[in-house]
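**Q** Everything in the sequence shown is counted per the UniProt record's numbering, starting at 1 for the first residue and increasing by one. The C-beta atom is built at its ideal place from N, Cα and C for all residues, glycine as well.
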Amino acid sequence: MPYQRIKWLILVIPTVTLALWEYVRHAFLLPVISMDLGNVLAPVLVFLITMTLVRKLFRMMENVTDTLHQEQTAKAAFMEREQLARELHDGISQSLFLLSVKLDKLEKAQDHGDIRTTTDEIRSTVRHVYEDVRQSIASLQSEPAKTEVQWMQSVQRMAEELELGGLKVVMDWQLRDSHLTSKEKVELLAIVRESMLNVQKHANAERLTVRAVPQPSGSGFVCTVADDGIGADEAELLAKGRYGIRMMQGRARAMGWRLDIRRIAASGGPNAGDGMIVEIVKGA
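Given below as structure tokens:
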């Protein structure tokens, strides 16, 4: 039985019981039961109904409450695991991928100066991974804090890392701090970073363009991440193991944004094929 129905029954049953007793007593039992006896029997009858039917309803309500509490606990645990997965993916996983790219670069380096430079880059990336791990552990051990995100710092760092790997990154960011809330900044930058990293991983592209502009109406924005690589089919994007795309979709859906991933006609690129564009839209 639904919780709301049980609650209303508990409230209504004693009142209805008393009303029915008074009606029956005055309509049929006055010749048999005196007024004084009827007044004594009224609370006794309500008490008996309460100890039997209403008490049973209370037990039912407690069971429903326990079930709801268990469901809420399970949901909270799932959300915590999902948040942890996002943090690992957005921080440690991406940093480790960039580290592998630099290790590949180190293997190909011939000049001593290039080896030293690449080694310094690897050391810097390892420090970033270490800081990400410490931050994740600190976040798990403390209550969530409503802190302001350092605007665009992570994306700028990602762009620099990708350019070190040979990918040309063009930034055209026209959104100001006032256009987005702190929550929107976190989610939008996470989607942008994941889109940029996917280009490095899968697109085999030479050029990556990140553009973000406010809507003409002033409410909302349009953000795009486009490349001139080889493109990908929808089945490839959503294949098993592609957690990044699903996380991007989940973030956009939770914020009420429209996320569109499609092929575009590329002007160049290593294979002169179709590139890809990721478009995030808020508002009309």
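Please check if any C-beta of chain D sits within less than 9 Å of the C-beta of residue 68.
**A** Any reference to chain D falls outside this structure, which holds one protein chain only.
**Q** Should residue 200 be labelled buried (16 or more other beta-carbon atoms within 10 Å of its own) or exposed?
**A** With 16 or more other Cβ atoms within 10 Å, it is buried.
**Q** How long is the line joining the alpha carbons of residue 276 and residue 169, rounded to whole angstroms?
**A** Computed Cα separation, rounded: 15 Å.
**Q** Do the segment 43-58 and the segment 14-27 meet, that is, are 3 or more Cβ pairs less than 8 Å apart?
**A** Taking 8 Å as the limit for Cβ pairs, the verdict is that the segment 14-27 does touch the segment 43-58.
**Q** Determine whether the beta carbon atoms of residue 198 and residue 245 lie at a separation below 9 Å.
**A** Their beta carbons are under 9 Å apart, which means residue 198 touches residue 245 by this criterion.
**Q** What does the alpha-carbon distance come out to for the pair residue 212 and residue 172?
**A** Answer to the nearest angstrom: the Cα atoms are 6 Å apart.
**Q** Note down, in chain order, each residue of its chain lying with its Cβ closer than 6 Å to the Cβ of residue 113, except the 5 sequence neighbours on either side.
**A** Cβ neighbours of residue 113 beyond the five flanking positions: none.
**Q** DSSP three-state label for residue 244, please.
**A** The answer is helix: DSSP assigns residue 244 an H, G or I state.
**Q** Between residue 195 and residue 177, what straight-line distance do the alpha-carbon atoms span, to the nearest angstrom?
**A** In a straight line, the C-alpha of residue 195 is about 21 Å away from that of residue 177.
**Q** What does the alpha-carbon distance come out to for the pair residue 13 and residue 25?
**A** Cα to Cα, residue 13 sits roughly 18 Å from residue 25.
**Q** Excluding five sequence neighbours on each side, which residues of the same chain lie with their C-beta closer than 6 Å to the C-beta of residue 279?
**A** The residues are 224, 260.
**Q** On a CA-only basis, which of 100, 101, 98, 257 is nearest residue 219? Give me that one, please.
**A** The shortest Cα separation from residue 219 among 100, 101, 98, 257 belongs to 257.
**Q** Assuming contact is defined by CB atoms lying nearer than 9 Å, are residue 121 and residue 162 in contact in what I supplied?
**A** Cβ atoms of residue 121 and residue 162: not closer than 9 Å.
**Q** Say whether the segment 95-112 touches the segment 35-47, bearing in mind that this needs 3 or more beta-carbon pairs closer than 8 Å, one atom from each stretch.
**A** The segment 95-112, when compared against the segment 35-47, does not touch it at the 8 Å Cβ threshold.
**Q** Using DSSP with H/G/I as helix, E/B as strand and the rest coil, what is residue 36?
**A** Helix, per DSSP.
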